[in-house]
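In terms of this note's numbering, the sequence shown opens at residue 6 and continues consecutively.
Positions of the beta carbon are idealized from the N, C-alpha and C atoms, including for glycine.
Keep in mind the model is a prediction, meaning the values are calculated, not measured.
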Amino acid sequence: MPKGKVKWFDEKKGYGFIQTESSGDVFVHHTGILGEGFKTLAEGQEVEFELTQGERGARAEKVQKLG
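Given below as structure tokens:
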């Protein structure tokens, strides 16, 4: 599974981008984050995810926070 760092995530809009070395910036929606309750990511947080292709390009699914 690819790994990366959260470039930015807007809690109000529920989406952001993960920066990776191999795939560039990858879109992440709050529905793709694993866990219970309020799902958000912090800038600079390391994550692991499944890379999929959405209608508008690369998309992160099954996002897990590392560390």
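Go to R64, then tell me how far its beta strand (DSSP E) extends in each direction, as first and last residue. 62-70
Helix, strand or coil for G9 per DSSP? strand
Closest residue to L56 among E48, G19, D30, Y20 (Cα-Cα distance): D30
Paired residues, beta bridge with G59 - DSSP: G62
If we count the other Cβ atoms within 10 Å of its Cβ and call it buried at 16 or more, is G9 buried or exposed? buried
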